[in-house]
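For reference, the structure discussed in these notes is given below.
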């Protein structure tokens, strides 16, 4: 189907504007049989786009992860302190790879050696949000990753973990890591780990 010809947006209304934004759309779209749906209403969560960065040390075969408080995880009945890959929101006009480098430094103290490499891009919740998450790989020296990090003005309190790659992959496989970007990044690592050995920071 052709998006422009087969979607008819009748109205857009902002129903909430805070740290995030909620928009209500009234629209109709063409069905597979060629007819049109009746007008429907859909609420869409607008939070901007994000990047996540898989920080891998090929010399030690380790991954640099972060642990921080996540209220939605707690409200969903999970542990409120979650282990994840570093990540951050992309501000208007920012270059994605630059955001990945910034978040790596802010959240772990690690400087990425060489170029960052895009390894995946996905929509976080395709039925309800416009957010696109881009996942990068960065090669680091994990011996430099220690301590507590985060931006004070953003009330971040982030603890660094250096995890053997095999253990991080196991944690993703067994549901101990539930953040989607982290699971995608670690599944990528499981498939490409051998080819990264010897790519020193």
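Residue numbers (this note's numbering): 346 to 546.
Ideal Cβ positions, reconstructed from N, Cα and C, are used throughout, including at glycine.
This structure is a prediction, so every number in the text was calculated from the model and none was measured.
Three-state class that DSSP yields for residue i in the structure shown
i	result
residue 539	helix
residue 525	helix
residue 512	helix
residue 444	helix
residue 474	strand
residue 469	coil
residue 353	strand
Cα-Cα separation, residue i to residue j
i	j	result
residue 502	residue 413	6 Å
residue 458	residue 476	28 Å
residue 364	residue 399	26 Å
residue 429	residue 448	13 Å
residue 423	residue 527	16 Å
residue 354	residue 348	11 Å
residue 499	residue 536	35 Å
residue 470	residue 444	21 Å
residue 408	residue 419	25 Å
residue 481	residue 523	18 Å
residue 517	residue 383	42 Å
Proximity winner among the options, relative to residue i (alpha-carbon distances)
i	options	result
residue 362	404, 538, 438, 393	393
residue 474	367, 360, 356, 508	367
residue 350	357, 372, 360	372
residue 489	481, 506, 480, 482	506
residue 402	370, 466, 485	485
Residue i beta carbon near the ligand MN (any heavy atom closer than 6 Å)
i	result
residue 509	Looking for the ligand MN in the displayed structure turns up nothing, as the structure carries no ligands at all.
- Message: Using a Cβ distance threshold of 8 Å, determine whether the segment 502–512 contacts the segment 364–383, with at least three qualifying pairs required.
- Response: no
- Can you list, in chain order, the stretches of the alpha helix (DSSP H) that have 4 or more residues and sit fully within the segment 366–437? 416–420
- Message: Between the segment 487–496 and the segment 442–454, can you find at least three pairs of beta-carbon atoms closer than 8 Å?
- Response: yes
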